[in-house]
Every structure is written in structure tokens, then in C-alpha cells.
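Accompanying notes for the structure given below.
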Ligand code: ZN
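In our numbering, the protein residues as written are 855 to 1098.
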């Protein structure tokens, strides 16, 4: 291709020179010129967009830097619900273990996790709400275990404030979906005027991880593998909220 064009151009150049020479009169010896260098455009490859990359496992970009406040309920002088119906762990011990697991998982995924308590100590409800506000939490998650007069009541539940923001509602939806995905019984989303949901302005939910008044739930919540499963569900629900 290049050769042909070059040759053709050279021939044309010669023709032009001959004509010019003709004008200038006969007798002039035309030195054949070397073929001009023609910067013929090298055929550029047709641009074909690369195929889309195969779906990658979640890499955590959108949760990186998100501020998540984890609030294990009760603690210290307030044990929460007592182990009367199975197992030996108090509510405060169960939710502290779950909260610490959630914090570790979210930290591994790049979130900035703040815990209202990471040990067995007492905290006022307002201190918990203040922690959400002071740190401008992108999500506040309070973790509890439920009690009911009816000992057959079972399953987890997600609570948002009666006047919950759309962000809180969305987060609660993501959370119930994650519980279902992990095969954990979830009763649904409830609206409640809870102090730790009301007394700050940040997106928030309170998760009841099951009923300690139900023998089945109490037994499961006393098992570390079940608590790990719940923690994974909470971490996945949180992750889904930040990665719509
Ligand atoms: Zn509680």
C-alpha cells in the first residue's frame, strides 16, 4: 500500500516537474528527483472497544471511608434481657459479641467504624445518640436482642424511627434483604420511637437479633457460629446500603 502510493506520488511529481520544465522551455535536463518522502498515514487500526471486564467480586470502594457507628445495646450494670429460656449469655454479652464482629467485618471492607462500646461497660442512651451525631455517622446501627411475653415469638426485626428519613428506610430494606439472603428469620421492618433513633439526625436503625424469650432463638444466639452469621448479614446489609 505504502509502496504503491509512494510510487504514484513520485510519478506525479515527475509529471509536474516535466510540465514546469516545458514552460521554462526545452533543453533543460531534468534530473530525476528521488521519490519524495510521503508520510502516508500508516493504516491506523480500527478502534474496537475492549470487551467489558467479567463481573468482579465486590472490592469495597463505596464503603471505604463511610462512617458507621455500631452500638451494642446495654452493658455494665445493665445486662439487658437475662438468659432464662436457654443458654447462659445475657443480651448485653450477645450483642457485644455481634457488634464486635460487625465492626471487624466492616473495618476489613474499608469503613471507618466507631463503636459506642467495645467492652462490657454501661452507657447512657444519649451518649449513644451523641456518638452518631458527633461523628456524622453515615449509618448508625444499634444491636439488641428482643423479649416478649409470648414465648413463641421468634426471629430478627429491624426498627427505624417513626419519622425515619428515606436513607434510614433504604438501609432497613437492605438489612432485611441481607438477613433473608443469609437464611436468618426476619420478621420485617418496624417503626418505633426509640431514643437512640430519635435523638440524632443521622440515618439509623436498631436491629433485634432474635428473641431471648424464645428457646430456639436463645439457643441459636448462644452459638458463636450463629452470631457470626448474623454479623455477616449485618455487614452485608450495610455494604449493600452503600453500594446501591
Ligand atoms: Zn435491648
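Each residue gets a CB set at the ideal place from its N, CA and C atoms; glycine is no exception.
Can residue i be considered in contact with the ligand ZN, in the sense that its beta carbon sits closer than 7 Å to one or more heavy atoms?
| i | result |
| --- | --- |
| residue 945 | yes |
| residue 928 | yes |
| residue 999 | yes |
| residue 940 | no |
| residue 953 | no |
| residue 1073 | no |
| residue 934 | yes |
I'd like to know whether the C-beta atoms of residue i and residue j end up nearer to each other than 8 Å.
| i | j | result |
| --- | --- | --- |
| residue 988 | residue 925 | no |
| residue 1085 | residue 952 | yes |
| residue 1015 | residue 949 | no |
| residue 979 | residue 1054 | no |
| residue 942 | residue 934 | no |
| residue 1020 | residue 1064 | no |
| residue 961 | residue 917 | no |
| residue 1036 | residue 1089 | no |
| residue 1057 | residue 994 | yes |
Could you pull out every residue in the same chain whose Cβ sits closer than 7 Å to the Cβ of residue i, ignoring the five residues on either side in sequence?
| i | result |
| --- | --- |
| residue 879 | For residue 879, the predicted model reports a pLDDT of 41, less than 50, meaning its position is unreliable; a value from the coordinates is still stated below. If we look at residue 879 and ignore the five residues flanking it on each side, it has no Cβ neighbours. |
| residue 877 | Confidence in residue 877 is poor, its pLDDT being 38 and thus under 50, which makes the residue's placement unreliable; the coordinate value appears in the next sentence. So no residue of the chain qualifies. |
| residue 858 | Low confidence applies to residue 858: its pLDDT is 47, below 50, so where it sits in the model is not reliable enough to give any reading. |
In terms of residues, what are the limits of the beta strand (DSSP E) holding residue i?
| i | result |
| --- | --- |
| residue 962 | That residue, residue 962, is in no beta strand (DSSP E); its alpha helix (DSSP H) goes 945-962. |
| residue 1100 | Examination of residue 1100 is not possible in this model, given that the chain is present from 855 through 1098 alone. |
| residue 1118 | The shown model of the chain, from 855 to 1098, leaves out residue 1118, and the question about it has no answer. |
If you follow the alpha helix (DSSP H) that residue i is in, where does it begin and where does it stop?
| i | result |
| --- | --- |
| residue 821 | Because the chain in this structure spans residues 855 to 1098, residue 821 falls outside the shown range and cannot be described. |
| residue 1064 | Run containing residue 1064: none in the alpha helix (DSSP H); it sits in the beta strand (DSSP E), 1058-1065. |
| residue 1090 | 1078-1096 |
| residue 1071 | 1069-1075 |
| residue 1033 | 1020-1035 |
| residue 977 | No alpha helix (DSSP H) holds residue 977; DSSP gives it neither H nor E. |
Are any of the Cβ atoms in chain B nearer than 8 Å to that of residue i?
| i | result |
| --- | --- |
| residue 944 | As a matter of chain content, chain B is missing from the structure shown, which is built from one protein chain. |
Give every residue of the same chain whose Cβ lies closer than 8 Å to the Cβ of residue i, excluding the five residues on either side of it in the sequence, and list them in chain order.
| i | result |
| --- | --- |
| residue 1044 | 1011, 1012, 1013, 1014 |
| residue 1040 | 1009, 1010, 1011, 1012, 1030, 1033, 1034 |
| residue 932 | 946, 976 |
Near residue i, what residues of its chain come up, given a Cβ to Cβ distance below 6 Å and the 5 sequence neighbours on each side ignored?
| i | result |
| --- | --- |
| residue 1096 | 916, 917, 920 |
| residue 969 | 924, 957 |
| residue 1079 | none |
Every unbroken beta strand (DSSP E) within the region 987-1017, with a cutoff of 3 residues, ordered by chain: The region 987-1017 contains these whole beta strand (DSSP E) runs: 993-1000, 1010-1015.
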